[in-house]
Amino acid sequence: MIAGTGAGRFGRAGMYLALALCAVIAVLPVLYMASISLQPAEQAMSESGLLLPASPAAAVRDGAANYGSVLGDGAVDFPLYFRNTLVIALLSVAGVVVSSVIVAYGFARVPWRGRGTCFLVLLATMMIPFPVVMVPLFVIFRSLGWIGTFMPLWIPAWFGSAFSIFLLRQFYLTIPRELDEAARIDGCGHLGILLRILVPLSLPAILVVALLHFMYVWNDFLGPLVFLTHRDQYTLALGLELYMSRLGTTPWNLLMAASTIMVVPVLLLFLLAQRSFIEGISTSGVKG
Amino acid sequence: MTWKRTMTGLLWISPWLIGFACFTVLPLVLGVWYSMTDWTLLEAPVAVGMEHYTRMLHDEVVHAATRNTLVYIVITIPLLTVVSIALAMLLSRPARFIAFWRVAVFAPSVLPLVALATIFKLMYDGELGVINRGLEATGLRGPGWFTDETWAMVAIILMNLWVVGPAMVIYLASLRDVPRDLHEAASIDGVGWWGRLVHVTLPMISPVILFNVIIGLVNAAQVFVVPYIMTGGGPNRATYFWSMYVYDAAFRYGDMGYASALGVVQFLAILLLTIGLLLIGRRFVFYRGAVS
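Residue numbers (our numbering), protein chains in the order written: chain H, 1 to 288; chain G, 1001 to 1292.
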């Protein structure tokens, strides 16, 4: 154990202390959010209020009231925003998966002149910040009549995303070419090789691409802010901001309940797939 | 034959090529053209040449946004680099329940930034917030996080410590690739913990550091959501960043021409900074394959 050389018992205790401290600090905001969402307004909005709900029974009662109010009062229609976000995310994920699976094949398995250059250009596009192109994009979408619809938020996804293409291409490269050759001898063309060999073997990578893109869309704020104009088309991210800005004094207990509703799906997805998720992200740094 | 192959290759990547042309190249080109016009979307654009660019030189808001964005970049990137490498080193040691620790530390990074910024807005709150109440309990008086110009910037920068996940995970993977025998050889030669860090670990992971710093630069240069939610750019424009001005110019003031010019400058600035980093990186980064 190189890392522990000469560290001894004290070193190990210190390490666990550091690990626990980091973990607690990391999850503190989420716990705080959950705790405030289970408190009545008087407690959440008071300078001397307790950090935790008064009792488990009180937490259930006040939590039910807060979440009921967020989901039911209609002032800010969270159930609708939840549905909108889900629709946009699913359309977008479907597009990214289908298009990136195809494009990555062109970069991994079809040898052609200019492929390397094209791939570098693809990587470079990841470096272009959205704010730089958002004004002209708004103008383009406006002239297409897409502003005020969901289309600007999911149609571009059907043309592939650079990060997803990169991730899938890296994964295809790890699949032995002998399998391609065998399929070719059996009479498969490019499409056959992709659908019968690469796609079945890349399902874990495809899942990671779908997950990462789902979270990206779920969390996106600036895109919906720029492209959505009607309040009944808002996503959760915009709904949360609306909740904060439309009232004079912020009802923090309700706002934290609304945040919880937005956070829980991504947190669950992450916990269910954390291993492949983390592996997917670390792949992006391998080439350096 | 090569011609046919090229056509096949282009056909396979054609979805991306079309998307690249429509949603990247076209906006960049149009952005440059719009930046030389006066345009409010209501009437046809009027060509004004370089007027917007000269106007920028004397625009106080541009000065504030430039200063804030640069300060943010210069402080955030070293801070995040040090913290994410330290966390990766801690989480790469053999420990019980290591998967659990990693998931806990990574978890806040998957949260929507809007939600995280909302939570932190409450945590930083002068009266209700847990941070100042915690400081009070230890006898300290917390600052007015959002009423003081300096502390507002500090608040936004510090929140980034909760989203180091992706960088940390990339460092974690690269630490796994540092050959053990190098560490062992250094240990036998009597090199201490610090010496091994500086002379073995950091040079071995330096390409990954450069990668993460560049990604961090691109992210920091477009910071928008957190200040938009937490401070709204205030107090007194102390946390007003470049992207917020692009947004406001276009969608609040309807000045598409000026907003496009701001976008063009942002793009060029990021491009130049990235190239600069790559050139500096060349001198400091150690590529294993390049040892002769």
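We treat Cβ as the ideally placed atom computed from N, Cα and C, and that holds for glycine.
Item checked: As assigned by DSSP and simplified to three states, the class of Asp1181(G) -> helix
Check: At a Cβ cut of 9 Å, what residues of the stretch 1253–1282 of chain G count as close to chain H, listed as they run along the chain?
Finding: Answer in chain order: Met1256, Ala1259, Ser1260, Leu1262, Gly1263, Val1264, Gln1266, Phe1267, Ile1270, Leu1271, Thr1274.
Notebook entry, point to check: Who does Ala20(H) pair with in a DSSP beta bridge?
Noted result: Ala20(H) is not bridged to any residue.
Next item on the list: Assign Thr1081(G) to one of three DSSP states: helix, strand, or coil.
Entry: helix
Check: Buried or exposed: which applies to Leu1268(G), given that a residue is buried once 16 or more other Cβ atoms fall within 10 Å of its Cβ?
Finding: The residue is exposed, with fewer than 16 neighbouring Cβ atoms inside 10 Å.
Item checked: Reduced DSSP secondary structure (H/G/I, E/B, other) of Val1105(G) -> helix
Notebook entry, point to check: Should the stretch 76–86 of chain H be called in touch with the stretch 230–243 of chain H, which here means at least 3 C-beta pairs below 8 Å?
Noted result: yes
Check: Taking one C-beta from the stretch 1094–1114 of chain G and one from the stretch 267–283 of chain H each time, how about it: are there three or more such pairs within less than 8 Å?
Finding: yes
Checklist line | Proximal residues of chain H, C-beta to C-beta of Met1153(G) below 8 Å | finding: Within chain H, no residue comes near Met1153(G); the closest Cβ sits about 19 Å away, beyond 8 Å.
Checklist line | For Ile165(H), the first and last residue of its enclosing alpha helix (DSSP H) | finding: 162–173
Notebook entry, point to check: Do you know how far the Cα of Phe1120(G) is from the Cα of Arg142(H)?
Noted result: Spanning the two alpha carbons is a distance of roughly 35 Å.
Notebook entry, point to check: So which residues on chain G does Arg113(H) lean against when the C-beta distance must stay under 7 Å?
Noted result: Thr1002, Thr1006
Notebook entry, point to check: Who are the Cβ neighbours of Glu1077(G) in its own chain at under 8 Å, not counting the five residues just before and after it?
Noted result: Looking at the sequence provided, one finds Ile at residue 1077(G) rather than Glu. Result list for Ile1077(G): Val1213, Gly1216, Leu1217, Ala1220, in chain order.
Check: Expressed to the nearest angstrom, what Euclidean distance is found between the alpha-carbon atoms of Trp1162(G) and Ala237(H)?
Finding: 19 Å
Checklist line | Chain-ordered chain H contacts of Phe1020(G) [CB-CB under 7 Å] | finding: Thr125
Check: In terms of residue numbering, what span does the alpha helix (DSSP H) encompassing Gly223(H) cover?
Finding: 222–227 is the span of the alpha helix (DSSP H), which, as asked, contains Gly223(H).
Check: Can you find a C-beta in chain H that's less than 7 Å from the C-beta of Trp1012(G)?
Finding: With 7 Å as the cut-off, Trp1012(G) counts as an interface residue toward chain H.
Notebook entry, point to check: By the criterion of Cβ-Cβ separation under 7 Å, what are the contact partners of Thr1118(G) in chain H?
Noted result: Leu240, Met244, Leu255, Ser259
Check: Looking at chain G, which residues of the stretch 126–138 of chain H have a Cβ within less than 9 Å of any of its Cβ atoms?
Finding: Across the stretch 126–138 of chain H, CB contacts with chain G closer than 9 Å involve Met126, Met127, Ile128, Pro129, Phe130, Pro131, Val132, Val133, Met134, Val135, Pro136, Leu137, Phe138, in sequence order along the chain.
Item checked: Chain-ordered chain C contacts of Ala18(H) [CB-CB under 9 Å] -> Chain labels in this structure do not include chain C; the protein chains are H and G.
Next item on the list: Run down chain G in chain order and give the residues with a C-beta less than 7 Å from the C-beta of Gly106(H).
Entry: Gly1009, Trp1012, Ile1013
Notebook entry, point to check: Taking just the CA atoms, how far does Val1198(G) sit from Phe1284(G)?
Noted result: 13 Å
Next item on the list: Could you say if the stretch 211–228 of chain H and the stretch 90–100 of chain H meet the contact criterion of at least three C-beta pairs nearer than 8 Å?
Entry: Yes: at least three Cβ pairs fall under 8 Å.
Check: For Thr1037(G), which beta-bridge partners are listed by DSSP?
Finding: Bridge partners of Thr1037(G) according to DSSP: Ala1047(G).
Next item on the list: Using a Cβ-Cβ cut-off of 7 Å, state whether Gly1049(G) counts as contacting chain H.
Entry: no
Item checked: Contacts of Met15(H) in chain G (Cβ-Cβ under 8 Å) -> Leu1090, Arg1093, Ala1095
Next item on the list: Give the single residue among Glu1060(G), Gly1009(G), Ile1098(G), Leu1042(G) whose Cα lies nearest to the Cα of Ala23(H).
Entry: Ile1098(G)
Checklist line | Closer than 7 Å to chain H by CB, Thr1201(G) | finding: Not closer than 7 Å to any Cβ of chain H, the Cβ of Thr1201(G) fails to qualify, so no.
Next item on the list: Mind listing, in chain order, the continuous alpha helix (DSSP H) runs of no fewer than 4 residues lying wholly within the stretch 35–106 of chain H?
Entry: 41–44, 56–72
Item checked: Thr1118(G), enclosing alpha helix (DSSP H) - first and last residue -> 1113–1124
Next item on the list: Just tell me which of Asn1160(G), Gly1233(G), Tyr1253(G) has its CA closest to the CA of Ile1073(G).
Entry: The option with the nearest alpha carbon to Ile1073(G) is Asn1160(G).
Note to self: Tell me which residue opens and which closes the alpha helix (DSSP H) that Phe1267(G) is part of.
What the structure shows: 1256–1284
Notebook entry, point to check: When the Cβ atoms of the stretch 223–238 of chain H are set against those of the stretch 137–151 of chain H, are three or more pairs found closer than 8 Å?
Noted result: yes
Note to self: Against Met1056(G), what residues of chain H qualify as contacts under a CB-to-CB distance less than 8 Å, listed in chain order?
What the structure shows: Result: empty, since nearest Cβ-Cβ is about 15 Å, beyond 8 Å.
Margin query: I need the DSSP call for Tyr1287(G), collapsed to helix, strand or coil.
Written below: coil
Checklist line | Where Arg275(H) falls: helix, strand or coil (DSSP) | finding: It is helical.
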